[in-house]
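Residue numbers (my numbering): 41 to 483. Ideal Cβ positions, reconstructed from N, Cα and C, are used throughout, including at glycine. Quick caveat: nothing in here was measured; it's all calculated off a predicted structure.
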């Protein structure tokens with residue numbers, strides 16, 4: 041880390057400013073600590089240009105959120121770490137603060153060791169962001185990256201992807217490569233740049249876009265399997281809106297060279313262009329992927345070996361023929377959501393909760409028309425069930441049961457389109473917090 045980092049403390053409390061300043065100087069005597077009030081902050085920050093901003097918020101002060109947003113709207117401070125000092129704030133306030141752009145949080149009263157750890161982390165984050173910006177600006181000056189969109193140019197597209205694939209194959213990590221283009225619904229008056237802006241807005245922070253052609257773009261998704269690609273594709277189409285659309289092909293990176301992947305993706309994209317909103321899995325010469333040729337927008341993944349028996353049974357079970365074609369389509373959509381969207385969220389939270397609570401039993405079950413996530417510890421059980429609700433809807437039921445007594449329940453019906461990663465994660469997070477509270481109280 042660099043020397044003489046400037047840390048600015050923003051607070052209405054002179055006492056807190058003095059406490060933090062004295063602690064920081066004692067713990068890190070190479071740092072310069074400055075301070076200001078909320079009112080003076082915008083002008084003060086521009087003159088000071090701190091490496092880290094510490095913002096004190098007491099009892100849900102709404103001015104704190106306004107100031108965070110104002111700081112983030114400034115290009116100068118778009119990447120400057122903001123350490124939020126939580127002084128008797130609610131959970132909702134903290135969530136809103138993260139949405140507004142804070143980098144980390146520390147609760148008052150502040151302990152010396154935590155202040156030191158959080159401050160060092162923020163300084164490291166600022167240095168990393170500065171280095172990334174420097175490299176980014178350098179690549180823009182060389183024409184490797186487009187200045188206006190931030191994506192890899194057509195000239196350097198293949199060189200970039202070859203480099204990424206080499207790293208993936210050398211370290212034997214998972215990754216997918218998607219080739220995407222506007223579909224037949226996409227209006228002719230919209231230019232490719234507008235389409236590219238939607239892709240940039242829809243992908244994850246570690247995903248990268250490169251221009252293949254005027255209206256064809258590669259999206260490189262590191263540390264991703266096929267079931268992680270569909271949510272990104274779904275988000276792109278949702279952000280395009282009902283009057284626009286995208287078609288794409290995707291392939292899991294195995295041992296093939298880029299030239300082979302490029303050909304496989306082009307062939308699959310040609311097939312995808314025969315439909316609208318289609319995501320076709322490309323063939324692979326080495327992996328013999330059983331999902332090759334399927335449209336992830338309409339069909340479920342074929343599950344690899346190693347899944348649970350319940351999940352394998354769900355994969356093989358078919359719905360009885362129905363006289364109503366729409367009913368069959370809706371049920372098929374439910375199963376597809378179950379495998380492509382629900383399962384990754386449940387797996388993520390299973391790993392997360394296991395790391396937070398010792399000796400907890402977590403179970404995930406999937407059947408043809410129902411998915412269920414269960415947490416159990418100390419005679420307290422929490423369940424979340426997602427059931428086919430008919431007419432392109434899903435029913436979500438949550439419950440907390442303590443010592444065989446139902447403490448709380450909640451039920452609501454939601455459209456499949458709205459039931460995405462973010463919504464399901466929110467529901468599961470709220471259930472987890474409630475479950476954790478019941479464990480603590482023992483009620």
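Exercise. Do you know offhand how far residue 211's Cα is from residue 196's?
Worked result: As a first step, residue 211 must be located in the chain shown, where it is residue number 171. As a first step, residue 196 must be located in the chain shown, where it is residue number 156. For residue 211 and residue 196, the distance between alpha carbons rounds to 23 Å.
For this session: Indicate the three-state DSSP secondary structure (helix, strand or coil) for residue 90 in the structure shown.
Result: The count along the chain shown starts at 1 and reaches residue 90 at position 50. Coil at residue 90, not helix or strand.
Problem set entry | Close beta carbons around residue 189, own chain, < 6 Å, minus the five adjacent residues each side | By one-based count along the chain shown, residue 189 stands at place 149. Correct list, in chain order: 236.
Exercise. With distances taken between CB atoms, is the gap from residue 47 to residue 64 smaller than 8 Å?
Worked result: On the chain shown, residue 47 is found 7 positions in, with the first residue counted as 1. On the chain shown, residue 64 is found 24 positions in, with the first residue counted as 1. Closer than 8 Å, so yes.
Problem set entry | residue 122 burial status per 10 Å Cβ neighbour count (16 or more: buried) | The residue labelled residue 122 in the question sits at position 82 within the chain shown. Its Cβ being crowded by 16 or more others within 10 Å, residue 122 is buried.
For this session: Quick one: give me the first and last residue of the alpha helix (DSSP H) that residue 250 is part of.
Result: Numbered from its first residue, the chain shown carries residue 250 at position 210. That residue, residue 250, is in no alpha helix (DSSP H); its beta strand (DSSP E) goes 248-251.
Exercise. Exposed or buried, what is residue 254 when buried is set at 16 or more other beta-carbons lying within 10 Å of its beta-carbon?
Worked result: Within the chain shown, the letter at position 214 stands for residue 254. Counting Cβ neighbours within 10 Å, residue 254 comes out exposed, since fewer than 16 surround it.
Exercise. Beta strand (DSSP E) containing residue 262: first to last residue?
Worked result: Position 222 of the chain shown, counted from the start, is the residue given in the question as residue 262. 257-262 is the extent of the beta strand (DSSP E) around residue 262.
Exercise. Between 289, 414 and 117, which lies nearest to residue 9 when the distance is taken from Cα to Cα?
Worked result: Because the chain here runs from 41 to 483, residue 9 falls outside it and cannot be looked at.
Exercise. What is the rounded straight-line gap between the Cα of residue 106 and the Cα of residue 206?
Worked result: Position 66 of the chain shown, counted from the first residue, corresponds to residue 106. Position 166 of the chain shown, counted from the first residue, corresponds to residue 206. Approximately 45 Å between the Cα atoms of the pair.
Exercise. Opposite residue 222 in the DSSP bridges: which residues?
Worked result: Here the question's residue 222 lines up with position 182 in the chain shown. According to DSSP, residue 222 bridges with 286.
Exercise. Alpha carbon to alpha carbon, how far is residue 136 from residue 268?
Worked result: Walking along the chain shown from the start, residue 136 turns up at place 96. Walking along the chain shown from the start, residue 268 turns up at place 228. Straight-line Cα distance between these residues: approximately 27 Å.
For this session: Flag this pair as touching only if the segment 246-262 and the segment 219-234 have three or more C-beta atom pairs under 8 Å; answer yes or no.
Result: yes
Exercise. Of the residues 81, 110, 436 and 148, which one's Cα is nearest the Cα of residue 467?
Worked result: The residue given as residue 467 occupies position 427 in the chain shown. Residue 467 has its Cα closest to that of 436, out of 81, 110, 436 and 148.
Problem set entry | DSSP state of residue 53 mapped onto helix, strand, coil | Numbered from its first residue, the chain shown carries residue 53 at position 13. In this structure, residue 53 counts as coil in the three-state DSSP scheme.
Exercise. Which residues in the same chain as residue 348 place their Cβ atom closer than 7 Å to its Cβ, once the five residues preceding and following it in sequence are excluded?
Worked result: Start at 1 with the first residue of the chain shown, and residue 348 comes out as number 308. Low confidence applies to residue 348: its pLDDT is 42, below 50, so where it sits in the model is not reliable enough to give any reading.
Exercise. What residues in its chain sit with their C-beta under 8 Å from that of residue 59, if we drop five residues either side in the sequence?
Worked result: What you label residue 59 is simply residue 19 of the chain shown in a count that begins at 1. The residues are 150.
Exercise. By DSSP, does residue 346 sit in helix, in strand, or in coil?
Worked result: Here the question's residue 346 lines up with position 306 in the chain shown. Because the pLDDT at residue 346 is just 47, under 50, the model does not fix this residue reliably, and the point stays unresolved.
Exercise. Unbroken alpha helix (DSSP H) runs of length 4 or more, entirely within the segment 95-130: which are they?
Worked result: 102-113
Exercise. At a cut of 8 Å, does the segment 126-144 reach the segment 81-89 through at least three beta carbon pairs?
Worked result: Put simply, the segment 126-144 does not touch the segment 81-89. Fewer than three CB pairs are less than 8 Å apart.
Problem set entry | Contact set for residue 173: own chain, Cβ-Cβ below 8 Å, skip 5 residues either direction | Residue 173 sits at position 133 when you count from the first residue of the chain shown. If we look at residue 173 and ignore the five residues flanking it on each side, its Cβ neighbours are 119.
Exercise. Which same chain residues, not among the five before or five after residue 393, have their C-beta less than 8 Å away from its C-beta?
Worked result: By 1-based counting over the chain shown, the position of residue 393 is 353. Excluding residues within five positions, the ones whose Cβ falls inside 8 Å are 400, 402, 415 and 472.
Problem set entry | alpha helix (DSSP H) runs wholly inside the segment 383-448, at least 4 long, in chain order | You should have 383-396.
Problem set entry | Proximal residues to residue 208 (C-beta, below 6 Å), its chain only, five neighbours per side dropped | One-based indexing of the chain shown puts residue 208 at position 168. The residues are 215 and 293.
Exercise. Should residue 57 go down as buried or exposed, given a rule of 16 or more other Cβ atoms within 10 Å for buried?
Worked result: By one-based count along the chain shown, residue 57 stands at place 17. With 16 or more Cβ atoms within 10 Å of its Cβ, residue 57 is classed as buried.
For this session: Check residue 147 in the structure and name its three-state DSSP category.
Result: As a working note, residue 147 is residue 107 in the chain shown. In this structure, residue 147 counts as strand in the three-state DSSP scheme.
Exercise. Which partner residues does residue 455 have in the DSSP bridge list?
Worked result: The sequence position of residue 455 within the chain shown is 415, counting from 1. DSSP lists 433 as partners of residue 455.
Exercise. Exposed or buried, what is residue 96 when buried is set at 16 or more other beta-carbons lying within 10 Å of its beta-carbon?
Worked result: In the chain shown, the residue the question calls residue 96 occupies position 56. When all chains shown are included, residue 96 counts as buried.
Exercise. Within 10 angstroms of its Cβ, does residue 71 collect 16 or more other Cβ (buried), or is it exposed?
Worked result: Here the question's residue 71 lines up with position 31 in the chain shown. Buried, since its Cβ has 16 or more Cβ neighbours within 10 Å.
For this session: Mind reading off the beta-carbon distance from residue 459 to residue 434? Whole number of angstroms is fine, and I expect it under 8 Å.
Result: On the chain shown, position 419 is the one that residue 459 refers to. On the chain shown, position 394 is the one that residue 434 refers to. Correct: roughly 5 Å between the Cβ atoms.
For this session: Taking residue 263 as the reference, give the member of 296, 317, 204 and 318 with the closest Cα.
Result: Locating residue 263 in the chain shown gives position 223, counting from the first residue. Ranking the options by Cα distance to residue 263, first place goes to 204.
Exercise. How many Å lie between residue 332 and residue 412 at the Cα?
Worked result: For the purposes of this step, residue 332 is taken as the residue at position 292 of the chain shown. For the purposes of this step, residue 412 is taken as the residue at position 372 of the chain shown. Approximately 29 Å between the Cα atoms of the pair.
Exercise. How would you call residue 109, buried or exposed, if buried means at least 16 neighbouring beta carbons within 10 angstroms?
Worked result: Translated into the one-based positions of the chain shown, residue 109 becomes position 69. With fewer than 16 Cβ atoms within 10 Å of its Cβ, residue 109 is classed as exposed.
Exercise. Is the distance from the Cβ of residue 477 to the Cβ of residue 443 below 8 Å?
Worked result: Your numbering for residue 477 matches position 437 in the chain shown. Your numbering for residue 443 matches position 403 in the chain shown. Contact flag unset, no.
Problem set entry | 7 Å CB neighbourhood of residue 232 in its chain, flanking five on each side removed | Within the chain shown, numbered from 1, the residue matching residue 232 stands at position 192. Closer than 7 Å at Cβ, skipping near neighbours: 254 and 255.
Exercise. Counting Cβ pairs, one atom from each stretch, are 3 or more of them under 8 Å apart for the segment 310-320 and the segment 285-302?
Worked result: yes
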